[in-house]
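Undergrad: Each residue of the sequence shown is one higher than the one before, starting from 0 at the first, in numbering that gives the first Met the number 0. Glycine included, each C-beta is placed from N, C-alpha and C at the ideal position. It should be emphasised that the depicted structure is a prediction, and the values quoted were computed from it without experimental measurement.
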Amino acid sequence: MNLTLSLVPENPNCYVNKRNPEAPEMSLSKLRTTKDQNTLFKELSDIEEIFEKSRNMQSLKKLLRSKSFRRRITISMGLMFFQQFSAIHEFISYLQSIFALIDGDISSSTSSKVW
Numbered sequence: 000m001n002l003t004l005s006l007v008p009e010n011p012n013c014y015v016n017k018r019n020p021e022a023p024e025m026s027l028s029k030l031r032t033t034k035d036q037n038t039l040f041k042e043l044s045d046i047e048e049i050f051e052k053s054r055n056m057q058s059l060k061k062l063l064r065s066k067s068f069r070r071r072i073t074i075s076m077g078l079m080f081f082q083q084f085s086a087i088h089e090f091i092s093y094l095q096s097i098f099a100l101i102d103g104d105i106s107s108s109t110s111s112k113v114w
């Protein structure tokens, strides 16, 4: 098994990460059955573009230090907390019974589906 794994070429992403300029192209040509250089070049440029975008992304520490990000997270967590502890799930599960107690023109099952 070790012998077989040693014959498998490296992933081009690994070479792009290591900033080795020629190796990703050779690895990609070994991995792909097509010999069309335009297709290989386009795929390689896509890999490099994605790698550059991921390098430019902010780290979690930088995001947590951002005041606007913390405000957004606080609002989202507050909304989730309110939804969970406001008993909305119990209200929805008993909705058909509640509409049955109210004498209306529409049946309780239809009213609960519309609500």
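Do you know offhand how far K29's Cα is from L39's?
TA: Taking the straight line joining both Cα atoms gives about 11 Å.
Undergrad: For the segment 20-37 and the segment 65-78, state whether three or more C-beta atom pairs, one from each stretch, are separated by less than 8 Å.
TA: No, they do not touch.
Undergrad: Apply the 10 Å Cβ neighbour rule to F98 and answer buried if 16 or more other Cβ atoms are within range, or exposed otherwise.
TA: That one is buried.
Undergrad: Indicate the three-state DSSP secondary structure (helix, strand or coil) for A86 in the structure shown.
TA: DSSP places A86 in coil when its eight states are reduced to three.
Undergrad: Between the segment 48-62 and the segment 75-88, do at least 3 Cβ pairs fall closer than 8 Å?
TA: Flag = no, the segment 48-62 and the segment 75-88 do not touch.
Undergrad: I need the DSSP call for Y93, collapsed to helix, strand or coil.
TA: Three-state DSSP puts Y93 in coil, outside helix and strand.
Undergrad: I need the DSSP call for R64, collapsed to helix, strand or coil.
TA: DSSP places R64 in helix when its eight states are reduced to three.
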